[in-house]
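So the structure is just underneath, and the comments pick up after that.
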Amino acid sequence: MTRPVPEITAINRPYWDGLAEGALRFQRCDGCGHAWLPPRSHCPACLGAEIRWEVASGGGKIVSWVVYHRAYAPHLQDRIPYNVAIVALDEGPRLLTNITDSAIGEGFATGAPVVLTIEEDDGLHLPRFRLRG
Amino acid sequence: MTTLRGKTAITGVGHTAWGKHPDRDRLSLMTEAAAAAIADAGLEKDQIDAVLVKMANSAPSILWGQKVAEALGLQPTIGLSLDQGGAACTGLATYAALAIEAGMIENALILYADTPRTGSRAAMHRPRGDDSVMGWYSVAAGYAMLHRAYQETHRARPEDFGIIAVQARAHGAANPHAHLRLPLSMEAYLSGPLLIEPMRRDDCCLVSDGGAAIVLSATARAQDRARAVPVLGLGQAQESWEVHLRPDLLQTRAEASGQMAFAMAGVNRGDISFAQLYDCFTVTVLQTLEDYGLAPRGQAGAKARAEGIGVDGWLPLNTSGGLLSESGTPGLQLIIEAVRQLRGEAVLQLPAPRFGLVSNQGGTMHTHATMILGEPQ
Ligand SMILES: [Zn+2]
């Protein structure tokens, strides 16, 4: 199996285009102000359809993280061990990501501040984070 | 919310051997389990008027409930397949109880079978949508996120998780039906390989082939009242958000589900004789104990170690081995063990249990359902 690629749709295209342009974008509702990821056509808080894209400041905090010691797909075999983390952006939206400082999570903690670093990986621009300070 | 209390009862239970069934398919396993449960209820096949099937995790299928009813040669009033993840079996019992109480049906057959052990485990290892580009794969990883959050927030020790696995394996070792009858010491748990850190191998449930079935009937019409186990309380609540989108990873909708079931049953937490909690991963049990109000936040593991969760412990837990040792199948075996305890027919039989608590949950604690059963009247 080859490595996965995101399924680009009319709804999420601005998210992936934004990363290629060096910006992590999220959505905000004009009606109620709620901010979220992943991209949706309607606000999950008030179901409004008047929504806009905003660029994230890049700051966030670690919510939780795991370290894979098993490869669940052939292309991950030479990547283990690797981490996947939940990061909450300062603006509120949350996403799954990788923390680049340590594959095995050395120095990670819940609540630790992180900052965005967009990395190109096989032609795909991915929102990763590094520990701040 | 007291109208359903005791109105229906589990009158029959049945299951196949747990483990590997290389020469069987799901319909074959389900038919064997159904025949056993119908006979156990003292019914003829044609007295079943609802066939309610939990969708097979490893092979989602259109019109699955109808294929199962066809294999059983039944034209039921209600026939369906439900996807509610691992909460589905208790969900189905809830809808069956409502339909029985409404007079639509008399005897519901609730069943499940799957063959992930000898068949495909792709569903458990699957890429998780577009997040797979970050390496986000498998069912286990979401629980590892909960495990980490629990460990960090509560400063929990590895032994707090380990006690759940060690005790389940002790119960499974005593159960002749169990898929895995190998006891686990705390030392072996702690030295076991890390799978998705911080989860160790023995934090994770089995992958088992097998089938199970129960019959739910009106209590007043049960063939054998002395073996009819009344359903006193039912609850459900759904989290819906994926793990990474939840505002609080350590407070799940199990709390609301448990409150609904306890309120319907009119039973106090302290009166529960035993619990069969959905132990797909050890953190799920700690979280459920706390969400149900049976242990203080962050203390479930320490309390289990100090006061015991064996048959003579503070709360006898997963007395046939649960998903960690009896069978990795999603949930009916927990209900069946609760029925056996309350009938006095369990292998590790408790002395005169009065109230049994069962949890079913699915996704990564996305779905939750609770059942409280009582002693036959
Ligand atoms: Zn809104």
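Chains as they are written, first to last, in the numbering used here: chain A, 1 to 133; chain B, 134 to 510. For every residue, glycine included, the Cβ atom is placed at its ideal position computed from N, Cα and C. Computed from a prediction, not measured in an experiment: that's the story for all the values here.
Output the boundary residues of the alpha helix (DSSP H) element that contains residue i.
i: G18(A); result: R13 to A20
i: M504(B); result: Per DSSP, M504(B) belongs to no alpha helix (DSSP H); it is in the beta strand (DSSP E), T500 to G507.
i: A321(B); result: M319 to L323
i: A150(B); result: Run containing A150(B): none; DSSP gives neither H nor E here.
CB of residue i to nearest heavy atom of ligand 1: below 7 Å?
i: G48(A); result: yes
i: H75(A); result: no
i: A142(B); result: no
i: A35(A); result: no
i: G31(A); result: yes
With a threshold of 16 other CB atoms inside 10 Å of the CB of residue i, please say whether the residue is buried or exposed.
i: K187(B); result: buried
i: G123(A); result: exposed
i: G495(B); result: buried
i: I11(A); result: exposed
i: S41(A); result: exposed
i: V5(A); result: exposed
i: H304(B); result: buried
i: S265(B); result: buried
Where does residue i sit, in a helix, a strand or coil, going by DSSP?
i: A174(B); result: coil
i: F395(B); result: helix
i: Q369(B); result: strand
i: H125(A); result: strand
i: C338(B); result: coil
i: F108(A); result: coil
i: V491(B); result: strand
i: D247(B); result: strand
i: S92(B); result: Because chain B is modelled from 134 through 510, residue 92(B) falls outside the range shown and cannot be assessed.
i: R333(B); result: strand
i: S214(B); result: strand
i: A114(B); result: Within the shown structure, residues of chain B are numbered from 134 to 510, placing residue 114(B) beyond reach of any answer.
i: T144(B); result: strand
i: S512(B); result: With chain B covering only 134 through 510, there is no way to say anything about residue 512(B).
i: Y411(B); result: coil
i: E292(B); result: helix
i: S265(B); result: helix
i: I86(A); result: strand
i: A226(B); result: helix
i: L457(B); result: helix
i: Q208(B); result: coil
i: G198(B); result: helix
i: R302(B); result: helix
i: M134(B); result: In this prediction, M134(B) scores a pLDDT of 46, lower than 50, which makes its location untrustworthy; no coordinate-derived value is stated.
i: Y276(B); result: helix
i: I469(B); result: helix
i: Y68(A); result: strand
i: T385(B); result: coil
Can you name, in chain order, every residue of its own chain whose Cβ lies under 8 Å from the Cβ of residue i, other than the five neighbours on each side?
i: C32(A); result: C43, A45, C46 and G48
i: E388(B); result: A370, D424, Y425 and G426
i: L95(A); result: L37, P38, I86, V87, L89 and P127
i: G206(B); result: K178
i: I8(A); result: W16
i: R70(A); result: I80
i: A479(B); result: T452, S453, E470 and R473
i: R402(B); result: F395, Y425, G426 and L427
Using a Cβ-Cβ cut-off of 6 Å (strictly less than) and excluding sequence neighbours within five positions of residue i, which residues of its own chain qualify?
i: P249(B); result: S191 and V340
i: Y425(B); result: G391
i: K153(B); result: R250, T251 and D342
i: P326(B); result: R334
i: L422(B); result: A428 and A433
Here's a check: name, in chain order, each residue in its chain whose Cβ is nearer than 7 Å to the Cβ of residue i, leaving out the five neighbours to either side.
i: P209(B); result: I181, D182, A183, V184 and A202
i: S460(B); result: W151, H312, L339, S341, G343 and Q466
i: R476(B); result: R360, V362 and P509
Does any heavy atom of ligand 2 sit closer than 7 Å to the C-beta of residue i?
i: C43(A); result: Ligand 2 is absent from the structure shown, which contains only ligand 1.
Which residues mark the beginning and the end of the beta strand (DSSP E) in which residue i is found?
i: W53(A); result: I51 to V55
i: R28(A); result: R25 to C29
i: G139(B); result: Careful: G139(B) lies outside any beta strand (DSSP E) and carries neither H nor E.
i: G431(B); result: No beta strand (DSSP E) holds G431(B); DSSP gives it neither H nor E.
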